[in-house]
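Chemist: Next up is a structure, given as structure tokens.
Number of protein chains: 4
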Amino acid sequence: MLVVTTPDITPAQLDAIREHVEAAGLRTHVIRGEQRIVVGCIGDDAALVEDGLAAMPGVESVTPVLKPYKLAAREFSAGPTHVRLGSAARPVIVGGDALTVIAGPCSVEGEAMLLETAHAVRAAGAVALRGGAFKPRTSPYAFQGLGREALVMLAEARARTGLPVVTEVMDPRLVELVAEHADVLQIGARNMQNFALLSEVGRVQRPVLLKRGPSATIAELLMAAEYVMAQGNRDVILCERGIKGWDPATRNTFDVAAVPVLKAETHLPVLVDPSHAAGRADLVPALSCAALAAGADGLIIEVHPSPAEARSDGPQSLDLPAFDALMARLRPFAAAAGRTLPAAELAQVAEVAA
Amino acid sequence: MLVVTTPDITPAQLDAIREHVEAAGLRTHVIRGEQRIVVGCIGDDAALVEDGLAAMPGVESVTPVLKPYKLAAREFSAGPTHVRLGSAARPVIVGGDALTVIAGPCSVEGEAMLLETAHAVRAAGAVALRGGAFKPRTSPYAFQGLGREALVMLAEARARTGLPVVTEVMDPRLVELVAEHADVLQIGARNMQNFALLSEVGRVQRPVLLKRGPSATIAELLMAAEYVMAQGNRDVILCERGIKGWDPATRNTFDVAAVPVLKAETHLPVLVDPSHAAGRADLVPALSCAALAAGADGLIIEVHPSPAEARSDGPQSLDLPAFDALMARLRPFAAAAGRTLPAAELAQVAEVAA
Amino acid sequence: MLVVTTPDITPAQLDAIREHVEAAGLRTHVIRGEQRIVVGCIGDDAALVEDGLAAMPGVESVTPVLKPYKLAAREFSAGPTHVRLGSAARPVIVGGDALTVIAGPCSVEGEAMLLETAHAVRAAGAVALRGGAFKPRTSPYAFQGLGREALVMLAEARARTGLPVVTEVMDPRLVELVAEHADVLQIGARNMQNFALLSEVGRVQRPVLLKRGPSATIAELLMAAEYVMAQGNRDVILCERGIKGWDPATRNTFDVAAVPVLKAETHLPVLVDPSHAAGRADLVPALSCAALAAGADGLIIEVHPSPAEARSDGPQSLDLPAFDALMARLRPFAAAAGRTLPAAELAQVAEVAA
Amino acid sequence: MLVVTTPDITPAQLDAIREHVEAAGLRTHVIRGEQRIVVGCIGDDAALVEDGLAAMPGVESVTPVLKPYKLAAREFSAGPTHVRLGSAARPVIVGGDALTVIAGPCSVEGEAMLLETAHAVRAAGAVALRGGAFKPRTSPYAFQGLGREALVMLAEARARTGLPVVTEVMDPRLVELVAEHADVLQIGARNMQNFALLSEVGRVQRPVLLKRGPSATIAELLMAAEYVMAQGNRDVILCERGIKGWDPATRNTFDVAAVPVLKAETHLPVLVDPSHAAGRADLVPALSCAALAAGADGLIIEVHPSPAEARSDGPQSLDLPAFDALMARLRPFAAAAGRTLPAAELAQVAEVAA
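Respectively, the protein sequence lines represent chains A, B, C and D.
The opening position of the first sequence corresponds to residue 0 in numbering that gives the first Met the number 0, with each subsequent residue numbered one higher.
The opening position of the second sequence corresponds to residue 0 in numbering that gives the first Met the number 0, with each subsequent residue numbered one higher.
The opening position of the third sequence corresponds to residue 0 in numbering that gives the first Met the number 0, with each subsequent residue numbered one higher.
The opening position of the fourth sequence corresponds to residue 0 in numbering that gives the first Met the number 0, with each subsequent residue numbered one higher.
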């Protein structure tokens, strides 16, 4: 940590700063420049994080030198983390050579539409099924999801297709229930800093898909992952889904640079949600290709058998043929990125056998 | 709701759009322009909110005509809502002629510092006490608040000073507990769209101080209030506390225009938190004056007996003399705004009598 | 300047960094922490600004210690700068005790409307007249201003009312022409980093009203002022006019905190343009009051005799009675801020005498 | 254009609105909803753009139906525009099947470094050379470019390598001079709405590379292109280079979605500048791949023989081997996108022959 002092600092103020830092167990080192004095603080920055150093008289600014995340930092792990989803016998690995495409409806609206979607996305090469049971909606008057009933449908769809199931949990009181039915607990963007919820999913043994908040920096996303990991659950999958922007052309601003930045900062796998980033189905293919080209470990995509009938997110949902076409379009980009995508044909064979 | 269609829409697509809208119980009205056809939808927009109208073939854009909030809308109430805090005998009224200044430490760090702060801010003219028991912190390694113990201290401070107590609740499982000890339930900025929590505080009879999320539009803030109100709790106080910005000069960007916009849109009272908006104690006075001049119903300000010793938010906390000076500086602005501020002298007399 | 190095820096890389810095005439000072080495660079940062230090192997980040602006920095001047507008005999002083309200139409649309506005705003207490001759318009098909003809009308309005005239210059080839007719050269927000133009207005002896760019940080605004001042023209007036934001409720986001930040950083006077910040006439009064309360030295406001007939910016223009009402509403806030506003009555007397 | 009226509109106000619209030559069509009246305006919206319709009593909001750009709109052209750079005999085509990679130093710092870079980037497959002669710098004290001298060096580099030359022009007085030496006139991001400059480059017959401003919407970028095209110059190349964002992890936020949005909206070619988007050389390869995957027509990349010695933008410049590696990495992505990249080997042969 580096403390830049004000031009008019007094010797007594400087002494107080040094004593304050040293009382936290760090050593200090003073550099006297021509116009400013800088105090270098040697030792564990974290000891100083929560205090009022920046509020002391004579302090102009405090700059941390070390990253605030530890378990999520790339240095913490010898290599990229592989998160295993689904059955122990035939797990889906997120973060390995094979890209992970997760697809399904925004909301589970019924058993028939869910199964139709599940079979179709599996046939096209998706390896996991998404579907909302509890929906965060801006309006209290909008459809809030089918809740527990939808969890049962998701479990049924998994039984029929073999696809592990990803669904959002919004309430710490429901973590256990959702973990009973789902293979992956999704933390939605609006809950990225819901620390009660992060701690709760940190205490169960289910992979967590953690979406970046609309106004969260990349460092804040990693700190949210740290909350989960600090409770003991190391299976965190990060997801860029577009951040708050000011151009009305898209629903959010897809921060594709977050992918390589995260790859440099952390060992955790990184997915992209192009559907929420764009908010428009016509842009989903281009953003999906860009995500893979930037180094993402996979995608999570909204697919609906009939987007015009969708009870939520219709405009950004692909219909079944469009998803099929997208998967075909992705293959050469996956190859260009040195990654693999499950073949659509093989998936169909597996379906027949299932 | 107005539906603008694509230039190449077919008659069959236009029919399908009209049927879709009419199936929801609305009437349609078609305007044929030189280059585009527009379908006006007459009736309750809300019936169409959750569907896939925008995903239908031939639809270019959908523009709502009516505001999505109802209970929070200004039209819903004959006049400004007055929220009553504290004892029935001597309540504090938020939203009336008298401005409401709430002050206290970011975190409750101990009984002595809390009482010292409470007496000092009351003497200076504050009418309620803030203090964090459960703290949302970006890092899992930072001080998380004293929890239940702090709630007891807050209740004790109220007993000693008569000041109603405002504290944040972050977990729906703790709403009941917090409501037992506190007079106002604060929903923090990061939880503005934590819908499980909003619904839960909507079911208790305690005023709610709802902070605007860092990337929430004003309309989204009002929709969050609607969540609370739709559960039966109409005592919602809104709070602008700075939004996500890109200038590092301040911690957040204080959107002072939100104050008059909210005053035009809703009957609910509007406070401003200049401490989080600025992130720097030296800016708090100017932003406080600006907030009152813009029409705010009051302020919520972080005050600490020794900011350099604070366990959180030290750099943005005022010390006790600075708060006293601020209150003096605010008085002429309160008068200019046609509002009153409790006199510091009277507050001190009351203290002696307490 | 502080250089934080990478964890794996080699001794040779460290030596190269030190030699690089020392070759620019600075001294270096090395702090060896437990995980990182920091190189403190002692001397004039500016010598290093334009080089590739941050690109050297082993460098993780470079943090400047000193502010990049010199002439605009508060330390450069013994006190606040007073900029004098208009005639030497009865100048208007910007930055003194008296607040400066500049008002007038977005565009000069004709002689009659300009004179009507000029007389009315003077009667209400405005001390200078604004009016666009050359208009920056997003569309090439929109009204671009009356150009030279409008300059003549502005000079005529000054002759009739005694009000100094403020108008925008967009083209370095026209600086001389505009300076012949106008008392203040306005640099619009979109041209804040038009360095050819900044240099050109820096070479004439006319006060410059420099608007903050929609995506400019406060530091960048001060660097733009530095461009003008470095050419010899020290009469720069800064203007906050709203920055790029993402809430559609307002045209821009009024960054009221920029006012106290600028007051702390620079000796130059600071005005606020509430009309462009809001984009809506109904918000202009609240934002104007907030600006004065935050410490602004004055306002520049769009006023039109018939906003519905305006050829540009109608929705954000006040009509004449609304401007009159605003001036009355501002007076107690000016007094609360310890400033004065010219009395409307006196202004009217002066008008009769003129 | 659709006019939504206020709930309390009077019949006289409604009549006035209709008369206002009809006076501009449009027809009106009134839809009476249950709570609001909407006035549809049929005809050329543009006739109403510059007036005060939104300021009329009784108007709540005005929503345009048609896009404001005409020459730049996709409908204006039968197919994608191909912009030809350089010699008539062997032109480089931007916007065709072959991707266009433009590379070179941020600033021309001398003849030797320019030629070394030019030969190296040509050998790696670049088809045009970039290099700044006049540099827009935030600080007046930073290196401003070598000016005219650099133009001569660029022309010399073209003569030696056959690469067409791209350089920025910042001053309308210098457009003619720059056009004499350069093959493409670059308009920098900060000048995207410098309308005097846009008009001037619209009057010469040189292709224009128009960079998106840091706070410009995609629609505003297209309107800036419209300014150039309206003067007669139809050879406009658009360039996404990152927009203003709030995450300090990158210099700007690369809005990769702008690529497919622009491809849907306009016939003009679209390049990406990953160097300015990232601000960090290590991210340039990932962003370049993402750009091609999203459908960009090419890239403009900063390359320097020794980034640590660069006088500007060192941290984001690739060195020569890194650029060579990038071109190799791009090839499979180009193929996946169905596009071609000039082969590095062929380029080298051509160099020998030159």
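The C-beta atom is built at its ideal place from N, Cα and C for all residues, glycine as well.
Would you call the stretch 227 to 243 of chain D and the stretch 230 to 243 of chain A in contact, with 3 or more CB pairs under 8 angstroms?
Modeler: No: the two stretches stay apart, fewer than three of their Cβ pairs being nearer than 8 angstroms.
Chemist: Less than 8 angstroms between C-beta atoms, sequence neighbours within five positions excluded: which residues of the same chain meet that for D:Pro259?
Modeler: Ala293, Gly294, listed in sequence order.
Chemist: Can you list, in chain order, the stretches of the alpha helix (DSSP H) that have 4 or more residues and sit fully within the stretch 54 to 142 of chain C?
Modeler: Within the stretch 54 to 142 of chain C, the complete alpha helix (DSSP H) runs of at least 4 residues are 110 to 123.
Chemist: Measure from the alpha carbon of A:Glu110 to the alpha carbon of each residue in A:His303, A:Ala333, A:Ala307, then state which is nearest.
Modeler: Checked all of A:His303, A:Ala333, A:Ala307; the closest Cα to A:Glu110 is A:His303.
Chemist: Which chain D residues are close to B:Thr249, counting only those with a beta carbon under 7 angstroms from its beta carbon?
Modeler: Those do not exist, as B:Thr249 stays about 12 angstroms from chain D at its closest Cβ, beyond 7 angstroms.
Chemist: Name the chain B residues whose beta carbon is nearer than 7 angstroms to that of D:His28?
Modeler: Neighbours of D:His28 on chain B, chain order: Ile30.
Chemist: For B:Leu150 versus B:Val177, is the C-beta spacing smaller than 9 angstroms?
Modeler: It is a contact, given that the beta carbons lie within the stated cut-off.
Chemist: Among all the DSSP beta bridges, which residues are the ones paired with B:His28?
Modeler: B:His28 pairs with B:Gly39.
Chemist: Alpha carbon to alpha carbon, what distance is there between B:Arg172 and A:Met112?
Modeler: Spanning the two alpha carbons is a distance of roughly 34 angstroms.
Chemist: B:Asp281 CB to nearest chain C CB: under 9 angstroms?
Modeler: With 9 angstroms as the cut-off, B:Asp281 counts as an interface residue toward chain C.
Chemist: Is there a Cβ of chain B sitting closer than 9 angstroms to that of C:Asp272, yes or no?
Modeler: False, the Cβ-Cβ gap to chain B never drops below 9 angstroms.
Chemist: Given this structure, state the Cα-to-Cα distance separating A:Val126 from A:Val207, to the nearest angstrom.
Modeler: Approximately 16 angstroms between the Cα atoms of the pair.
Chemist: Would you kindly check if the distance between the Cβ of A:Glu33 and the Cβ of C:Gly42 is under 9 angstroms?
Modeler: Taking 9 angstroms as the Cβ cut-off, C:Gly42 and A:Glu33 qualify as a contacting pair.
Chemist: Where DSSP assigns a beta bridge to A:Asp254, which residues make up the other side?
Modeler: Paired residues: D:Asp254.
Chemist: Residues of chain B with a CB under 9 angstroms from the CB of D:Val3: which are they?
Modeler: By Cβ distance, chain B contributes Leu1, Thr62, Val64.
Chemist: Give a yes or no on whether the minimum CB-CB distance between A:Glu225 and chain C is below 9 angstroms.
Modeler: False, the Cβ-Cβ gap to chain C never drops below 9 angstroms.
Chemist: Is there a Cβ from chain A that is less than 9 angstroms from the Cβ of C:Ile41?
Modeler: Yes, C:Ile41 counts as interfacial toward chain A.
Chemist: Against D:Val37, what residues of chain B qualify as contacts under a CB-to-CB distance less than 8 angstroms, listed in chain order?
Modeler: Those within 8 angstroms of D:Val37 in chain B are Leu1, Gly39, Val64.
Chemist: Leaving out five residues on either side along the sequence, give the residues of the same chain with a beta carbon under 6 angstroms from the beta carbon of A:Asn232.
Modeler: Excluding sequence neighbours, A:Asn232 sits near Gly201.
Chemist: May I ask which residues mark the beginning and end of the beta strand (DSSP E) holding A:Glu239?
Modeler: Per DSSP, A:Glu239 belongs to the beta strand (DSSP E) from 235 to 239.
Chemist: D:Gly297 by DSSP, collapsed to three states: which one?
Modeler: Strand at D:Gly297.
Chemist: Using a Cβ cut-off of 7 angstroms, pull out every chain C residue sitting near A:Gly244, in sequence order please.
Modeler: Chain C residues near A:Gly244: Trp245.
Chemist: For the beta strand (DSSP E) containing C:Ile186, name the first residue and the last one.
Modeler: Note, C:Ile186: beta strand (DSSP E), 183 to 186.
Chemist: If distances are taken between C-alpha atoms only, which option among D:Glu21, D:Ala71, D:Thr27 comes closest to D:Ala263?
Modeler: Of the candidates D:Glu21, D:Ala71, D:Thr27, the one whose C-alpha sits nearest the C-alpha of D:Ala263 is D:Ala71.
Chemist: Which of helix, strand or coil does DSSP assign to C:Leu162?
Modeler: C:Leu162: coil per DSSP, three-state reduction.
Chemist: Measure from the alpha carbon of A:Val164 to the alpha carbon of each residue in A:Gly78, A:Met222, A:Val120, then state which is nearest.
Modeler: For the residues A:Gly78, A:Met222, A:Val120, the minimum Cα distance to A:Val164 belongs to A:Val120.
Chemist: Which same chain residues end up closer than 7 angstroms to C:Leu114 when comparing Cβ atoms and leaving out the 5 residues on each side of it in sequence?
Modeler: Result list for C:Leu114: Ala156, Arg159, in chain order.
Chemist: Anything in chain D within Cβ reach of B:Gln143, meaning under 8 angstroms, just list it in chain order.
Modeler: Ordered by position in chain D, no residue passes the 8 angstroms Cβ test against B:Gln143, which lies about 25 angstroms from the chain.
Chemist: Does chain A have any CB closer than 9 angstroms to the CB of D:Ile217?
Modeler: Closer than 9 angstroms: yes.
Chemist: What number of angstroms, rounded off, separates the C-alpha of B:Ala248 from the C-alpha of C:Asp272?
Modeler: When rounded, the distance between both Cα atoms is 20 angstroms.
Chemist: Bridge partners of C:Lys210, per DSSP?
Modeler: Answer is C:Cys238, bridged to C:Lys210.
Chemist: Helix, strand or coil: which one does DSSP assign to A:Glu167?
Modeler: Reduced to three states, the DSSP call for A:Glu167 is strand.
Chemist: Which two residues bound the contiguous alpha helix (DSSP H) that contains D:Leu286?
Modeler: Per DSSP, D:Leu286 belongs to the alpha helix (DSSP H) from 283 to 292.
Chemist: Any idea what DSSP makes of D:Val302, helix, strand or coil?
Modeler: Strand.
Chemist: Would you kindly report the start and end of the unbroken alpha helix (DSSP H) that includes C:Val177?
Modeler: First-last of the alpha helix (DSSP H) with C:Val177: 174 to 180.
Chemist: Determine, using beta-carbon pairs with one atom in the stretch 93 to 100 of chain A and one in the stretch 75 to 85 of chain A, whether at least three such pairs fall under 8 angstroms.
Modeler: The stretch 93 to 100 of chain A is in contact with the stretch 75 to 85 of chain A.
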